[in-house]
Structures are given as structure tokens and as C-alpha cells.
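Student:
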């Protein structure tokens, strides 16, 4: 700093040319109760051996060491807990935000490395999610007496104009092939470096692959399509995305994310025990796949599965009831769901309609909103799952698993660390 005189007053002014020597301990940068510390301690409880064994930095061989998977996973979980889902934004925060810098501990992690980590270990994330559920069940912290299921549409990384019919996609294929030939023909152009040539060829091949994926998708969609409707369309950006009706009644490219949430009717933490990402535009037929998902993770089926009327597919309800699950789904008011079935309904459907008249079934329906819809709202508003920045069901599932894992770890942090 320096002292100047202005209008007869002595004023302190900043002096940015003065060298300063500071002694800092990085561990003192954040408080002991900071959420970043909590995330780090929780990650230490997880088994990341499978990720570590994939590293090519083997002892006794050439090459630099790889960054600890615990650091990358902690960065992502903390970023998700702060509502940040962009690898580029997280890379920026690792240079400017004290909490991210504390997690890094002096390491430098690029957005390329973070992006690759997020989508390369889907099986490990899936196992970690299952392990946390198993631990919570073993400690008696969650119960599967009642599980609520709901689907939420999340914007895909694609735009409406990218959806094209097969005829339009075939023209795109011709253009993509011509573009690739032009790029390959310019391989000797001295205007570009070798790395730039490789990048241009890679981008041209990627465009071609996306167009081919869209053509394959649109042909599959057209097979079972009613000829009375318009021709099927697929996106050249993300062939797995589908145009869906969103919560605001608008139609946009999206994925259908299904969560199954366990919780107590009297309150307490909500725990996500099932995760599915589908391209189905409706929730019909999703009850039994979710039961399979829960059984695979928890080793048991829930006593009761609660969902809204959008899940009321008779075959699905009958199959779930035959597995011993109490299906709590309201009978739709829309006559299209019941037309022609009242007189020839199966015993399971008759029992389901009768069950929905019971007071305790109506109580469970009232509880459903506070369970699964709260999980959906938290995932979107607090954990940043408002739009996916990755493409394809497999990569989107990785993001959803990390989001669900973050929610469960934070909900039961004290019990898991106790």
C-alpha cells in the first residue's frame, strides 16, 4: 500500500508493485465444516480400485503419474452439489474458487480430463451407487416398505432443427461424405499443422458417424410407426434424444429420467434407490423395469410401489402385483385407459381398482409427491440437472448416476461417516 495526499487528506492507495511473501497452509483455506471437506471424506469411503487399475501410469514404466481418481470424483460430486455440471466451468473454478482449489491440493485438472472421467466409468459409478444403497440398508437407515417412482424430462444436448426425416438424413450423408473427402484431400495443405489436420479429420468422421446413427435410429422408429402420422425424425446431434412434452407443456429434445425414491411418510431424508434413463416419451410400462432395477441394487423388492396415473398400464400393474408388490397407482380418469376392460379385467386389475379405494392407499398417494417429486426438483434445481451437456443414453446415464450418488451421500453423510 502507499499513502497519498488528496485535498489535504492522507489516503491509503493499493500498491500492486510491492512483492509479498506469504506462508500458507492449503488445508487451512477452508473451514473444518465446509461441504468440500465432507465430500472428500465421503469419497474416501468409496472403493475406486477399478478406476485406478485402468490407469496406464504403471510403476516401473515411462510416463507421468495419473491424477488420483478420488480427486476427480470429489471435484465432480462437489461441483454437482453446487449445481455446476460443465467441465469447462469446473476447470475455471479450480483456479478461482477456494473450495475447488482445496480439493485439487495443488494439482491441475483440465476440462478434457474431467469430461473423459465423467463418461468413461459408468460401470464403476453404477457399482458405487449400489454399494451406498447396500450400506444404508445394512445400517437400517432406509426401508423399502414404500418406494415412490416418477419420471422427469431433462433437456438433451440437441436442438429441434437437428431432427430430420430419413430423406433429409440421406442428403446429410452425402454432404458428410463429400466433406470428409475434402478434408482428406487437404491433408498436404501446409496452412494447417499436423495436429490441426488430425483434428479436422476427426471432426469430419464424427459428423459422418452422427448422421449414420441418426439414419439407423429413424429407420427403427419408422418400423412401428402408424402410417397416419408424420414420418419419424432423428437428431443429427444426438440420435438417442427424443422430442418430449416438458413440464411447461412445450416440446423439446429430452431424455426421460426415472427415479425411485425411498423415504418415511413421517419425514426424514429421501434416498434414491433406482435410476433409469430411457428414450420413452411416456412413463407407461416403466413399473416393472424399475422393480428389476431396485431388486438388482437392494436384493429385494419394495413392499409398495407408488406412482402417478401416467404409469397405469394394466399389463405392467398386473405383472408387478404378481411379484408380490402392492401397486399404488391411481385409476386414470381418461376413459381411454379403461375402455373395454371393466367387464373382462383380470383378477389383478380388479384387485388393484379395489385397493385404490382404501384410505391407506390414498395416504400413500399423498406421500408420493413429497418423496419422488422432491427428488426430481432437487436434482434439477439444486444439483444442476436441468440440461445434459453430454450425448447418448450411456453418457447421460453416467451424469444421472453421479447426480443420484451426490444426493444420497449428502442426505446420509453423518451416518455414513459415523
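Numbering (the working numbering), first residue to last: 947 to 1364.
Backbone N, C-alpha and C fix where the C-beta goes; we use that ideal spot for every residue, glycine too.
Would you kindly work out how many angstroms separate the C-alpha atoms of residue 1284 and residue 1252, rounded to a whole number?
Tutor: In this prediction, residue 1284 has a pLDDT of 48, which is less than 50 and means its spatial position is unreliable; nothing more can be read from the coordinates.
Student: Measuring CB to CB, does residue 1105 end up less than 8 Å from residue 972?
Tutor: No, Cβ-Cβ distance for residue 1105 and residue 972 is not below 8 Å.
Student: Does the separation of the CB atoms of residue 988 and residue 1348 fall below 8 Å?
Tutor: It is not a contact, given that the beta carbons lie outside the stated cut-off.
Student: In terms of residue numbering, what span does the beta strand (DSSP E) encompassing residue 1149 cover?
Tutor: Counting along the chain, residue 1149 falls outside any beta strand (DSSP E), though it belongs to the alpha helix (DSSP H) covering 1140-1169.
Student: Name the DSSP bridge partner or partners of residue 1224?
Tutor: Note: residue 1224 sits in a beta bridge opposite 1202.
Student: Is the CB-CB distance between residue 1246 and residue 1090 below 8 Å?
Tutor: Yes. Within cutoff.
Student: Does residue 977 pass the burial test, meaning 16 or more other C-beta atoms within 10 Å, or should it be called exposed?
Tutor: Looking at its Cβ environment, which holds fewer than 16 other Cβ atoms inside 10 Å, residue 977 is exposed.
Student: Which residues bound the alpha helix (DSSP H) around residue 985?
Tutor: Element bounds for residue 985: 981-990.
Student: Just the Cα atoms here: how many angstroms apart are residue 1083 and residue 1223?
Tutor: Looking at the two C-alpha atoms, the distance is approximately 24 Å.
Student: Return the bridge partner residues of residue 1188 from the DSSP annotation.
Tutor: 1200.
Student: Check residue 1046 in the structure and name its three-state DSSP category.
Tutor: Of the three classes helix, strand and coil, the one that applies to residue 1046 here is helix, per DSSP.
Student: Alpha carbon to alpha carbon, what distance is there between residue 1364 and residue 1159?
Tutor: Using only the alpha carbons, I get a separation of about 48 Å.
Student: In this structure, how does DSSP classify residue 1071 when only helix, strand and coil are distinguished?
Tutor: Residue state, collapsed to three classes: helix.
Student: How many angstroms separate the CA atom of residue 1078 from the CA atom of residue 957?
Tutor: If I take the Cα positions, the gap works out to 58 Å.
Student: Between which two residues does the beta strand (DSSP E) holding residue 959 run?
Tutor: Segment 955-959, the beta strand (DSSP E) holding residue 959.
Student: Give me the Cβ distance between residue 1220 and residue 1205, rounded to the nearest whole Å; I'm assuming they're in contact under 8 Å.
Tutor: Indeed, because the Cβ distance is near 7 Å, the residues count as touching under 8 Å.
Student: Exposed or buried, which one is residue 1040 when buried takes at least 16 other CB atoms within 10 Å?
Tutor: Burial call: buried.
Student: Can you tell which of 1123, 1140, 1330, 1046 has the C-alpha that lies nearest to the C-alpha of residue 1020?
Tutor: Of the listed residues, the one whose Cα sits closest to residue 1020 is 1046.
Student: Alpha carbon to alpha carbon, how far is residue 1269 from residue 1360?
Tutor: So the alpha carbons of these two residues sit roughly 35 Å apart.
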